[in-house]
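Q: Structure incoming, see below.
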Amino acid sequence: MTTKIAIIDDHQLFREGVKRILEFEKTFQVVAEGDDGSDALKLVEAYNPDVVIMDINMPRVNGVEATRGLIEKYPNTKVIILSIHDDENYVTHVLQTGARGYLLKEMDADALVEAVRVVAEGGSYLHPKVTHSLVKEYRRLSSNSLTKSGGFSQPIEIRRPLHLLTRRECEVLQMLADGKSNRAIGEALFISEKTVKNHVSNILQKMNVNDRTQAVVVAIKNGWVEVR
Numbered sequence: 001m002t003t004k005i006a007i008i009d010d011h012q013l014f015r016e017g018v019k020r021i022l023e024f025e026k027t028f029q030v031v032a033e034g035d036d037g038s039d040a041l042k043l044v045e046a047y048n049p050d051v052v053i054m055d056i057n058m059p060r061v062n063g064v065e066a067t068r069g070l071i072e073k074y075p076n077t078k079v080i081i082l083s084i085h086d087d088e089n090y091v092t093h094v095l096q097t098g099a100r101g102y103l104l105k106e107m108d109a110d111a112l113v114e115a116v117r118v119v120a121e122g123g124s125y126l127h128p129k130v131t132h133s134l135v136k137e138y139r140r141l142s143s144n145s146l147t148k149s150g151g152f153s154q155p156i157e158i159r160r161p162l163h164l165l166t167r168r169e170c171e172v173l174q175m176l177a178d179g180k181s182n183r184a185i186g187e188a189l190f191i192s193e194k195t196v197k198n199h200v201s202n203i204l205q206k207m208n209v210n211d212r213t214q215a216v217v218v219a220i221k222n223g224w225v226e227v228r
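As structure tokens, this is what we get:
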């Protein structure tokens with residue numbers, strides 16, 4: 001099936017670059033483009049895209065406001081936000097509007113393509129660097145909550161899920177929690193990026209989760225990975 005995509009970004013050169021990357025994929029079709037968040041609603045109404053890729057910073061209506069308006073009228077709209085900000089406060093605020101993805105503009109082509117595929121299939125996708133920031137914030141808040149409730153702040157014992165994953169898959173899961181991209185994981189483990197993708201797919205299937213972000217959250221809650 002063809003995934004129909006709308007791109008909304010006020011920088012035409014960047015928008016053209018994103019479009020070119022996406023249209024290298026045979027199953028992707030860019031059906032609409034806009035240069036401001038005010039275009040979002042009319043583009044969705046006119047073209048019914050499967051995924052909307054939206055810049056967060058635009059001159060008249062920004063990506064957060066536009067996403068909120070889209071989700072209110074069309075709750076099933078799948079939005080991926082593009083941003084230069086990796087601060088967890090930005091990410092949390094954006095996700096609260098209903099966006100399904102958050103990508104940094106420093107992303108590579110593979111991350112963009114993977115994000116669109118995951119979100120189109122109903123999952124969520126966060127840039128690896130953003131995932132790591134959120135994981136650290138989650139651990140900090142959990143630790144503070146435990147301290148305030150009278151618990152003890154002690155080092156968490158890491159128990160690798162060898163009952164579920166292979167040793168190599170445990171290594172890959174840890175690197176996902178570290179915020180490494182597929183390419184960086186491949187370089188660290190001296191394996192191809194394709195092999196990394198296969199490992200990630202196996203991890204998601206074995207953990208019964210839809211995307212790498214969910215895998216990391218589950219791993220954190222179960223004490224399967226370190227936050228460092």
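Numbering (my numbering) for the sequence shown: 1 to 228.
C-beta: ideal position from N, C-alpha, C; glycine also.
Can you confirm whether the segment 44-52 touches the segment 19-26 when touching is taken to mean that 3 or more C-beta pairs between the two stretches lie within less than 8 Å?
A: Taking 8 Å as the limit for Cβ pairs, the verdict is that the segment 44-52 does not touch the segment 19-26.
Q: Ordered along the chain, which non-local residues of its own chain (more than five positions away) have a Cβ less than 6 Å from that of Leu126?
A: Once the five neighbours on either side are set aside, the close Cβ partners of Leu126 are Tyr102 and Thr213.
Q: In or out: Gln12 buried (at least 16 other Cβ within 10 Å) or exposed?
A: Exposed, because fewer than 16 other Cβ atoms sit within 10 Å of the Cβ of Gln12.
Q: When the Cα of Gly17 is compared with those of Glu106, Leu95 and Lys42, which residue comes out closest?
A: The residue with the shortest Cα to Cα distance from Gly17 is Glu106.
Q: Going by Cα to Cα distance, which pick from Lys4, Val225 and Val172 is closest to Val113?
A: That would be Lys4, whose Cα lies nearest to the Cα of Val113.
Q: Does Val209 come out as helix, strand or coil in the three-state DSSP assignment?
A: Of the three classes helix, strand and coil, the one that applies to Val209 here is coil, per DSSP.
Q: Give me, in chain order, the residues of the same chain whose beta-carbon lies closer than 8 Å to that of Arg159; leave out the 5 immediate sequence neighbours on both sides.
A: Around Arg159: Asn222, Gly223 and Trp224.
Q: Exposed or buried, what is Arg60 when buried is set at 16 or more other beta-carbons lying within 10 Å of its beta-carbon?
A: By the neighbour-count rule (16 or more Cβ atoms within 10 Å), Arg60 is not buried but exposed.
Q: Which residues does DSSP pair with Asp55 in a beta bridge?
A: Its beta-bridge partners are Leu82.
Q: Excluding the 5 residues flanking Lys180 on each side, which residues of the same chain have their C-beta closer than 8 Å to its C-beta?
A: The residues are Pro128 and Ala188.
Q: Please return the same chain residues whose Cβ sits closer than 6 Å to the Cβ of Pro161, not counting the five positions on each side in sequence.
A: These residues qualify, in order along the chain: Trp224.
Q: Please determine if the segment 28-37 and the segment 83-97 are in contact, where contact requires at least 3 C-beta pairs separated by less than 8 Å.
A: In short, these stretches do not touch, since the Cβ pair count stays below three.
Q: DSSP puts Ala32 in a beta bridge; with which residues?
A: The partner list for Ala32 (beta bridge, DSSP) reads Ala6.
Q: Look up Gly186 in the DSSP assignment and say whether it is helix, strand or coil.
A: The answer is helix: DSSP assigns Gly186 an H, G or I state.
Q: At the level of alpha carbons, what is the spacing between Phe152 and Glu171?
A: In this predicted model, Phe152 has a pLDDT of only 44, less than 50, meaning its place in the structure is not dependable; the value taken from the coordinates is given anyway. Looking at the two C-alpha atoms, the distance is approximately 29 Å.
Q: From this set, Met58, Ala66, Met175 and Lys194, which residue's C-alpha is nearest Lys42's C-alpha?
A: Comparing Cα positions, the closest option is Ala66.
Q: Could you compute how far the alpha carbon of Gly98 sits from the alpha carbon of Arg168?
A: So the two alpha carbons sit approximately 34 Å from each other.
Q: In whole angstroms, give me the CA-to-CA distance for Asn208 and Leu173.
A: Cα-Cα distance, rounded: 14 Å.
Q: Can you tell me whether Met1 is buried or exposed, with buried defined as 16 or more other CB within 10 angstroms of its CB?
A: Its Cβ having fewer than 16 others within 10 Å, Met1 is exposed.
Q: Using 10 angstroms around the beta-carbon of Gly63, count the other beta-carbons present and answer buried if the total reaches 16, otherwise exposed.
A: So Gly63 ends up on the buried side.
Q: Going by CA-CA distance only, name the one from Lys194, Lys206 and Val130 that's closest to Tyr90.
A: The candidate whose alpha carbon is nearest that of Tyr90 is Val130.
Q: With distances taken between CB atoms, is the gap from Asp211 to Gly123 smaller than 7 Å?
A: In contact: Asp211 and Gly123 (Cβ atoms closer than 7 Å).
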